[in-house]
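Asker:
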Amino acid sequence: MPDDTPIRVRFAPSPTGALHIGGARTALYNWLAARHGGGELVLRIEDTDRERSTEENVAQILDAMEWLELDWDVGPVSQASRADLHAEALQQLLDSGAAYRDSATAKDVEAWKAEHGADRGYRGEPTSDDGAAVRLRVPDDGETVVHDLIRGPVSFPNRSYDDFVIARGDGSVLYNFAVAVDDAEMGISEVVRGDDHLSNTPKQLLVLTALGHEPPRYAHLPLLHGPDGKKLSKRHGAASVQELREAGYLPAAVRNYLALLGWGTDDDTTVMATEELVRRFRVEDVGRSAAIFDEKKLRWLNGRFMRELSLDEYTAAVARHLGREADARLRAACAIAQEKAQTLEEVWALIRFLFEPPVDDEKAWAKVMKDGALAALEASRSALAEVSAFDAESVEGVLDPIPEQLGAKPGKVYQPIRVAITGTSVSPGIFESLAALGRDESLTRIDAAVARLRS
RNA sequence: GCCGCUAUCGUCUAGGGGACUAGGACGCCGGAUUCUCAGUCCGGAAACCGGGGUUCGAAUCCCCGUAGCGGUACCA
8 MPDDTPIRVR
18 FAPSPTGALH
28 IGGARTALYN
38 WLAARHGGGE
48 LVLRIEDTDR
58 ERSTEENVAQ
68 ILDAMEWLEL
78 DWDVGPVSQA
88 SRADLHAEAL
98 QQLLDSGAAY
108 RDSATAKDVE
118 AWKAEHGADR
128 GYRGEPTSDD
138 GAAVRLRVPD
148 DGETVVHDLI
158 RGPVSFPNRS
168 YDDFVIARGD
178 GSVLYNFAVA
188 VDDAEMGISE
198 VVRGDDHLSN
208 TPKQLLVLTA
218 LGHEPPRYAH
228 LPLLHGPDGK
238 KLSKRHGAAS
248 VQELREAGYL
258 PAAVRNYLAL
268 LGWGTDDDTT
278 VMATEELVRR
288 FRVEDVGRSA
298 AIFDEKKLRW
308 LNGRFMRELS
318 LDEYTAAVAR
328 HLGREADARL
338 RAACAIAQEK
348 AQTLEEVWAL
358 IRFLFEPPVD
368 DEKAWAKVMK
378 DGALAALEAS
388 RSALAEVSAF
398 DAESVEGVLD
408 PIPEQLGAKP
418 GKVYQPIRVA
428 ITGTSVSPGI
438 FESLAALGRD
448 ESLTRIDAAV
458 ARLRS
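Take the first sequence: its position 298, counting from 1, is numbered 305 in the working numbering, and each next residue is one higher.
(1) Would you please state the rounded distance, in angstroms, between the beta carbons of Asp-155 and Tyr-225? I believe it to be under 8 angstroms.
(2) Do the CB positions of Ile-437 and Arg-425 come within less than 7 angstroms of each other?
(3) Tell me, please, whether the region 413-422 touches the region 326-335 by the rule of three or more beta-carbon pairs shorter than 8 angstroms.
(4) According to DSSP, Ile-173 sits in a beta bridge with which residue or residues?
(5) Determine the direct distance from the alpha carbon of Ser-389 to that of Leu-444, and round the result to whole angstroms.
(6) I need the straight-line Cα distance from Arg-32 to Leu-69, nearest angstrom please.
(7) DSSP three-state label for Arg-158, please.
(8) Does the distance from the CB of Leu-464 to the CB of Asn-309 come in under 7 angstroms?
(9) Under a Cβ-count criterion, where at least 16 other Cβ atoms within 10 Å of its own Cβ denotes burial, should Pro-417 be classed as buried or exposed?
(10) For the alpha helix (DSSP H) that Tyr-321 lies in, which residues bound it at each end?
(11) Quick one: grab the DSSP three-state call for Arg-459.
(12) Can you tell me where the beta strand (DSSP E) with Glu-47 in it begins and where it stops?
(13) Mind checking whether Ala-344 and Leu-361 have CB atoms under 7 angstroms apart?
(14) According to the Cβ coordinates, are Gln-211 and Ala-25 closer than 7 angstroms?
(15) Hey, out of Ala-260, Gln-86, Glu-192, whose CA is closest to Trp-307's CA?
(16) Specify, as a first and last residue, the run of the alpha helix (DSSP H) that Asp-109 falls within.
(17) Below 8 angstroms on the Cβ atoms is my guess for His-227 versus Arg-200; work out the distance and round it to an integer in Å.
(18) Quick one: Cα of Leu-230 to Cα of Ala-34, how far?
(19) CA-CA distance, Lys-490 and Asn-37?
(20) Quick one: using the 10 Å Cβ neighbour count with 16 as the cut-off for buried, is Arg-15 buried or exposed?
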């Protein structure tokens, strides 16, 4: 029964913290689902928890969405701003008798359960007290089944659910009620969200039924875990979108990697541009088991994307990350480093010597500046002083015969030069590095190294 | 406790009763590229949670167990 009607999905984060990787993947899947079929994405901020919701968090989430380049068609809509709608629906349920006020506290419910058994949901007594919380009547018999696009039908016995609270004594509504009302009112056709909501879905279905609304279709995504199998958190390294950005990852690489966490193609394609993701993604194809976030693979994928960038794009990305001008100098530096870095953050270590004096890497110096290092540096220095043009090709031409002249392996000549001009043992190709540094500065640094070796 | 979900190499996954000698990718190990690192190329080790069924045949279907995870708030 294929349905060609464009879908309408929503991403509904609660602004109680930064946007985590799990939330980012949920956002991405919703976005892919919407873009795939020409549907719409609604961004709704679930801010009914007035204690924990903050403006800063909302701003941070929006910022993360923008960085990921995930746009939305409607919103951001504040759930709290829809209080009138919620109150109306609440009154409807009160009037019809589907919900009732109950003065029982959490402790009372606990006591009730101790008496009636743990497999039995709480059932309360209606009160005329207008300040009491509102509970929804849950049937004692039968079951509520969630027809999940990913898991198939999942049944929950009604008996095991409490007559749950849908509104506080002061009239403000609770999550499971607000979500059900909003999804229905906003015409959401598919709810794609984390698996942690699966057990709450029957409650939302019960609300929808009581209100006489047709339920949306549901798809519950497997959760994301850290390397230790536990729920993802800060101690697992980069856990929020913000941290991924700071670590120097490209948005396109993050989208590709996140898409692969819980979803795969049947032909094993791994590297995919976003257009291809959009074209191939289907929620129905999402897997059922939790996935572990592995930064190693993200790093590799990021390197792939970095190397595919044009030099201009690459330089712009590096400039943005480093907070520098994308000038000719940086562009030249990027040109010799592009093939070597996996993240934007790593680029600096490779090109730093072009902007600052050599670093002080004692280990590199101790390892390289011995044996024939002095002779190698002196021979190289005079060769470099003579060369007519100071481009990579010419530099190579004049340096190339030196190892043989000295009867040394190439590494014994090039490594000392590398340490002399960069201070450390890792850098872009030595000829390119010298050319980029320029003759004067190269000679100055080699002279300094020679002087130090002699002392 | 109760309700529910999940289970293929270390990790992400392909597979949906015979095409499985279980494929790919990351990572790891070894080799090549005779300047480091990275990249690239080649090769290698590495998995169907356990036990019962069903069937001529099970990684694939069913049951039980085990483990992990989620829910069980006047949080979202």
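Glycine is no exception: its CB is placed at the ideal position from the N, C-alpha and C atoms.
Answerer: Checking against the coordinates, here is how it stands:
(1) Taking the first residue of the first sequence as 1, we reach residue 155 at position 148. Taking the first residue of the first sequence as 1, we reach residue 225 at position 218. Correct: roughly 5 angstroms between the Cβ atoms.
(2) Numbered from 1 along the first sequence, position 430 holds the residue referred to as residue 437. Numbered from 1 along the first sequence, position 418 holds the residue referred to as residue 425. Yes, Cβ-Cβ distance for Ile-437 and Arg-425 is below 7 angstroms.
(3) no
(4) Counting from one through the first sequence, the residue named residue 173 turns up at place 166. None; Ile-173 has no bridge partner.
(5) For this step, residue 444 is matched to residue 437 along the first sequence. For this step, residue 389 is matched to residue 382 along the first sequence. Straight-line Cα distance between these residues: approximately 17 angstroms.
(6) Here residue 32 refers to the residue found at position 25 of the first sequence. Here residue 69 refers to the residue found at position 62 of the first sequence. Arg-32 and Leu-69: Cα-Cα distance of roughly 15 angstroms.
(7) Locating residue 158 in the first sequence gives position 151, counting from the first residue. In this structure, Arg-158 counts as coil in the three-state DSSP scheme.
(8) The shown model of the chain, from 8 to 462, leaves out residue 464, and the question about it has no answer.
(9) Reading the first sequence from its first residue, position 410 is the one you call residue 417. Pro-417 should be labelled exposed.
(10) Locating residue 321 in the first sequence gives position 314, counting from the first residue. Tyr-321 -> alpha helix (DSSP H) spans 318-329.
(11) Along the first sequence, read from residue 1 onward, the residue named residue 459 stands at position 452. Correct three-state label for Arg-459: helix.
(12) Looking up residue 47 in the first sequence gives position 40. From DSSP, the beta strand (DSSP E) with Glu-47 extends over 47-52.
(13) Position 337 of the first sequence, counting from 1, holds the residue named residue 344. Position 354 of the first sequence, counting from 1, holds the residue named residue 361. No; because the gap between Cβ atoms is not below 7 angstroms, this pair is not in contact.
(14) Counting from one through the first sequence, the residue named residue 211 turns up at place 204. Counting from one through the first sequence, the residue named residue 25 turns up at place 18. No.
(15) Working through the first sequence from its first residue, we reach residue 307 at position 300. The candidate whose alpha carbon is nearest that of Trp-307 is Ala-260.
(16) Position 102 of the first sequence, counted from the first residue, corresponds to residue 109. Careful: Asp-109 lies outside any alpha helix (DSSP H), inside the beta strand (DSSP E) at 106-109.
(17) Within the first sequence, the letter at position 220 stands for residue 227. Within the first sequence, the letter at position 193 stands for residue 200. Indeed they touch by this definition, with Cβ atoms about 7 angstroms apart.
(18) Taking the first sequence and counting its residues from 1, one reaches residue 230 at position 223. Taking the first sequence and counting its residues from 1, one reaches residue 34 at position 27. Their Cα atoms are separated by approximately 13 angstroms.
(19) Since the first residue of the chain shown is 8 and the last is 462, residue 490 is not available in this structure.
(20) On the first sequence, residue 15 is found 8 positions in, with the first residue counted as 1. The residue is buried, with at least 16 neighbouring Cβ atoms inside 10 Å.
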